[in-house]
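*Asks:*
Chains as they are written, first to last, in this note's numbering: chain A, 82 to 380; chain B, 2 to 439.
1. Using the C-alpha atoms, what's the distance from residue 243 of chain B back to residue 215 of chain B?
2. Tell me which residue opens and which closes the beta strand (DSSP E) that residue 319 of chain A is part of.
3. Could you tell me which of A:368, A:279 and A:120 sits nearest to residue 161 of chain A, measuring between CA atoms?
4. Taking Cβ positions, are residue 208 of chain A and residue 295 of chain A nearer each other than 8 angstroms?
5. How would you write the range of the beta strand (DSSP E) that residue 93 of chain B sits in, first residue to last?
6. Run through DSSP, which three-state label would residue 282 of chain B get?
7. Per DSSP, residue 379 of chain B forms a beta bridge with which residues?
8. List the endpoints of the continuous beta strand (DSSP E) containing residue 169 of chain A.
9. Who pairs with residue 57 of chain B in a beta bridge, going by DSSP?
10. Does the segment 245-259 of chain A come into contact with the segment 128-140 of chain A, if we say contact requires no fewer than three beta-carbon pairs (one atom in each stretch) closer than 8 angstroms?
11. If you measure between the beta carbons of residue 218 of chain B and residue 210 of chain B, is that distance less than 8 angstroms?
12. If you measure between the beta carbons of residue 135 of chain B and residue 358 of chain B, is that distance less than 8 angstroms?
13. Quick check on residue 212 of chain B: does DSSP put it in helix, strand or coil?
14. Assuming residue 75 of chain B is part of the alpha helix (DSSP H), what are its boundary residues?
15. Please tell me whether residue 305 of chain A has its Cβ less than 8 angstroms away from any Cβ of chain B.
16. With DSSP collapsed to three states, give me the class of residue 306 of chain B.
17. Ordered along the chain, which non-local residues of its own chain (more than five positions away) have a Cβ less than 8 angstroms from that of residue 202 of chain A?
18. Any C-beta of chain B sitting closer than 8 angstroms to the C-beta of residue 93 of chain A?
19. CA-CA distance, residue 22 of chain B and residue 182 of chain B?
20. Rounded to the nearest angstrom, what separates residue 185 of chain A and residue 307 of chain A at their Cα positions?
21. List the whole-angstrom C-beta distance separating residue 95 of chain A from residue 360 of chain A, where the pair is believed to meet the contact cut-off of C-beta under 8 angstroms.
22. Specify, as a first and last residue, the run of the beta strand (DSSP E) that residue 200 of chain B falls within.
23. Kindly list, in the order they appear in chain B, the residues whose Cβ is closer than 7 angstroms to that of residue 297 of chain A.
24. Comparing alpha-carbon positions, which option in B:100, B:375, B:284 and B:300 lies nearest residue 325 of chain B?
25. Quick check on the DSSP output: the beta strand (DSSP E) that includes residue 393 of chain B runs from which residue to which?
26. If you follow the beta strand (DSSP E) that residue 402 of chain B is part of, which residue opens it and which one closes it?
27. Give the straight-line distance between the Cα atoms of residue 233 of chain A and residue 303 of chain A, rounded to the nearest whole angstrom.
28. Of the choices A:104, A:175, A:229 and A:189, whose alpha-carbon is the least far from that of residue 165 of chain A?
29. Drop a sphere of 10 angstroms on the beta-carbon of residue 39 of chain B, count the other beta-carbons inside from all chains shown, and report buried for 16 or more, exposed for fewer.
30. Helix, strand or coil for residue 260 of chain B? Go by DSSP, reduced to three states.
31. Verify whether the separation of the beta carbon atoms of residue 382 of chain A and residue 332 of chain A is less than 8 angstroms.
32. Tell me whether residue 371 of chain A sits in a helix, a strand or coil according to DSSP, three-state version.
33. Could you spell out where the alpha helix (DSSP H) holding residue 336 of chain B opens and where it closes?
34. In chain order, what residues of the segment 68-88 of chain B put their CB closer than 7 angstroms to some CB of chain A?
Below, the structure written as structure tokens:
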């Protein structure tokens, strides 16, 4: 420290930032799945994360074994996804994107309210059995839990990539994502695909909910983690899983390094807006994000 | 609680609200407009506090037939801890007859009501919190930050740290970090910590955590680099368990992390799991069910399914007991005012007099069943806080245990700060402070 720049501390902040970024990516992936296939920015993703975590932990506290609670929550999330498609999206087919966005905004409040009505407002602890003690590598501390979360995110991304590339449903997803009208023309059933993708987003919400829930506790604030995912999406692109990961890493690293090294010049507490400032700069340079598809429209 | 019983509670609450709104029922009833929050990010605190408050009002009605025959009534208006909703609720609820006092449990709502409630002559109670200047009753006759205002809290925490170090003189050269919520509430004590650092000679670093505080990696890495002797947590909501977990992540000893009054509940430590074992925080009222008044509430209400909390495990929790204490203070203010104005329903102005002459000594507190739960309080025209003290508690993984006796803040040092803040407000608003006889 005294002799000059503390590289060890820099690496620690950078590593911590990258691992935090992975946690943001976990939420962002749920957005990407929906946007990719239906062009809807699902603002209710955070509420789905809350609903999943609250359902799981409440079942666990009722004495159910971990695996049973997980399976039942999985079923609940799939049913929720199917219900959203049937009750909200299908009646709004061919409506303007802003209408669909507003519908998901309303949906967010309905899901949050329902989750609290069904399971109560109490704060719950969630122990996934991963003790969050720091690991030390050459004087650099790394969080065990964050490493575990990064591993889970990696597994999820691989699973989703394989699913999109090698399964019939995955191929159908990609076809719809490429061109909805062409997909319809070759006989793909859009409602069926949307229902499946909403169910998949529900599963992603469950994974994110468990990891974020173990980190924050299972409480209403889980629904606010969408605010962490939005700059990630702007930066990485709304329709790219790879973009969600890379975007998360960049945002995580930037906000942590920014807070530690330049935060004092702005009075501290800059990381919440710094992420959005970075996203805004990217938006001006590359509006579709780093990995997003460039939209070419005939006018 | 099952879904049907929740619906039943809702129907009951609606019926109660309708009964409150019936003019014929107002004759000998004192009305409490509750600006509660039972949904939203701070619902856990809101349900506990307002649950305790309602339980106490209910106990007084059922056990004593009200306050000297005057029935206590209330209804709830949901604010979700949002200022706009709080103001909306205030405007709607203030029109009822015999409004006793507002208890919004929100600094933001209190600030929004400063001019309104003064003009309407209705007391606003902010137990354990509130804008610093409102302690000066000469400028703020209708505002009561009872038991403890932010400067007192700050001073008590430093006094406790001094006590642990073997005396306030031992603070010289120590390093203290204050981790505060990035909101007006969080920033309220910045100058007070600076004042105390200057007085006692400790090194001070204050670090902001942006709202809501769900990620504190950078703040805690900075703390790790600073290597402080103590970290004071001035948090709220999700920020608290995340801070406790993050402390563990960077290897900071959790028993040197001292939580303030809004970082002291079961809701703050349970989500942090084993990381919270050993965590210390400040309280103005201990948790637990052993106090006679809590036992009365269990016997009179919960044993007959009349209690307000959905989850009986929360009876005697920090927020529930704070709500009960708040109930005691509100009811005793009415009783005090009745001694002067007669045993009838009172106006807001009369209840204000009651608050301003609230004087509960140990004997009175014991009679109310609050021995050990509630500290002595003596509110005056000039001092709307009431000379309270605090204790410190430590989480053992299951429950809170007291680790200190009552600790007094350094009020001699703080009073000029309060008076200066009040004088500044008075000058800005062109208010001539009242002259207090006491």
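Even for Gly, the Cβ is constructed at its ideal location relative to N, Cα and C.
*Replies:* Quick look at the numbers:
1. On the second chain, residue 215 of chain B is found 214 positions in, with the first residue counted as 1. On the second chain, residue 243 of chain B is found 242 positions in, with the first residue counted as 1. Computed Cα separation, rounded: 6 angstroms.
2. Position 238 of the first chain, counting from 1, holds the residue named residue 319 of chain A. Careful: residue 319 of chain A lies outside any beta strand (DSSP E) and carries neither H nor E.
3. Looking up residue 161 of chain A in the first chain gives position 80. Looking at the Cα atoms, A:279 is the closest of the given residues.
4. The sequence position of residue 208 of chain A within the first chain is 127, counting from 1. The sequence position of residue 295 of chain A within the first chain is 214, counting from 1. Yes.
5. Here residue 93 of chain B refers to the residue found at position 92 of the second chain. Here residue 93 of chain B belongs to no beta strand (DSSP E); instead the alpha helix (DSSP H) covers 84-94.
6. Along the second chain, read from residue 1 onward, the residue named residue 282 of chain B stands at position 281. Strand.
7. To locate residue 379 of chain B, count along the second chain from 1; it is residue 378. Partner(s): B:360.
8. Along the first chain, one-based indexing puts residue 169 of chain A at 88. Counting along the chain, residue 169 of chain A falls outside any beta strand (DSSP E), and DSSP gives it neither H nor E.
9. By 1-based counting over the second chain, the position of residue 57 of chain B is 56. Answer is none; residue 57 of chain B lacks a bridge partner.
10. no
11. Numbered from 1 along the second chain, position 217 holds the residue referred to as residue 218 of chain B. Numbered from 1 along the second chain, position 209 holds the residue referred to as residue 210 of chain B. Result no, Cβ atoms of residue 218 of chain B and residue 210 of chain B do not sit closer than 8 angstroms.
12. In the second chain, residue 135 of chain B corresponds to position 134, counting from 1. In the second chain, residue 358 of chain B corresponds to position 357, counting from 1. In this structure, residue 358 of chain B does not lie closer than 8 angstroms to residue 135 of chain B by Cβ.
13. Taking the second chain and counting its residues from 1, one reaches residue 212 of chain B at position 211. Reduced to three states, the DSSP call for residue 212 of chain B is coil.
14. For the purposes of this step, residue 75 of chain B is taken as residue 74 along the second chain, with counting starting at 1. No alpha helix (DSSP H) holds residue 75 of chain B; the beta strand (DSSP E) holding it covers 72-79.
15. Along the first chain, one-based indexing puts residue 305 of chain A at 224. With 8 angstroms as the cut-off, residue 305 of chain A counts as an interface residue toward chain B.
16. Position 305 of the second chain, counted from the first residue, corresponds to residue 306 of chain B. Note: residue 306 of chain B maps to coil in three-state DSSP.
17. Position 121 of the first chain, counting from 1, holds the residue named residue 202 of chain A. Cβ within range, chain order: 301.
18. Stepping through the first chain from its first residue, residue 93 of chain A is reached at position 12. So yes, residue 93 of chain A belongs to the interface.
19. For the purposes of this step, residue 22 of chain B is identified with residue 21 of the second chain, where counting begins at 1. For the purposes of this step, residue 182 of chain B is identified with residue 181 of the second chain, where counting begins at 1. Caution applies to residue 22 of chain B, whose pLDDT of 42 falls short of 50 and renders its modelled position unreliable; the value that the coordinates give is listed next. Roughly 39 angstroms between the two C-alpha positions.
20. Within the first chain, the letter at position 104 stands for residue 185 of chain A. Within the first chain, the letter at position 226 stands for residue 307 of chain A. Answer to the nearest angstrom: the Cα atoms are 13 angstroms apart.
21. As a first step, residue 95 of chain A must be located in the first chain, where it is residue number 14. As a first step, residue 360 of chain A must be located in the first chain, where it is residue number 279. Actually they are not in contact, since the Cβ atoms of residue 95 of chain A and residue 360 of chain A sit about 19 angstroms apart, beyond 8 angstroms.
22. Residue 200 of chain B sits at position 199 when you count from the first residue of the second chain. Not the beta strand (DSSP E): residue 200 of chain B falls in the alpha helix (DSSP H), residues 191-201.
23. Taking the first residue of the first chain as 1, we reach residue 297 of chain A at position 216. Within chain B, the residues near residue 297 of chain A are 215, 239, 242, 243 and 272.
24. Along the second chain, one-based indexing puts residue 325 of chain B at 324. Out of B:100, B:375, B:284 and B:300, B:375 has the C-alpha closest to the C-alpha of residue 325 of chain B.
25. Here the question's residue 393 of chain B lines up with position 392 in the second chain. Start and end: 392-396.
26. Position 401 of the second chain, counted from the first residue, corresponds to residue 402 of chain B. Looking at the DSSP string, the run of the beta strand (DSSP E) that includes residue 402 of chain B is 401-403.
27. Counting from one through the first chain, the residue named residue 233 of chain A turns up at place 152. Counting from one through the first chain, the residue named residue 303 of chain A turns up at place 222. Distance between the alpha carbons of residue 233 of chain A and residue 303 of chain A is about 19 angstroms.
28. Within the first chain, the letter at position 84 stands for residue 165 of chain A. That would be A:189, whose Cα lies nearest to the Cα of residue 165 of chain A.
29. The residue labelled residue 39 of chain B in the question sits at position 38 within the second chain. Per the 10 Å Cβ criterion, buried.
30. Within the second chain, numbered from 1, the residue matching residue 260 of chain B stands at position 259. Strand.
31. The structure shown does not extend to residue 382 of chain A, since chain A is modelled only from 82 to 380, so the question has no answer here.
32. Here residue 371 of chain A refers to the residue found at position 290 of the first chain. Three-state DSSP puts residue 371 of chain A in coil, outside helix and strand.
33. Mapped onto the second chain, residue 336 of chain B falls at position 335. That run of the alpha helix (DSSP H) goes 319-342.
34. none
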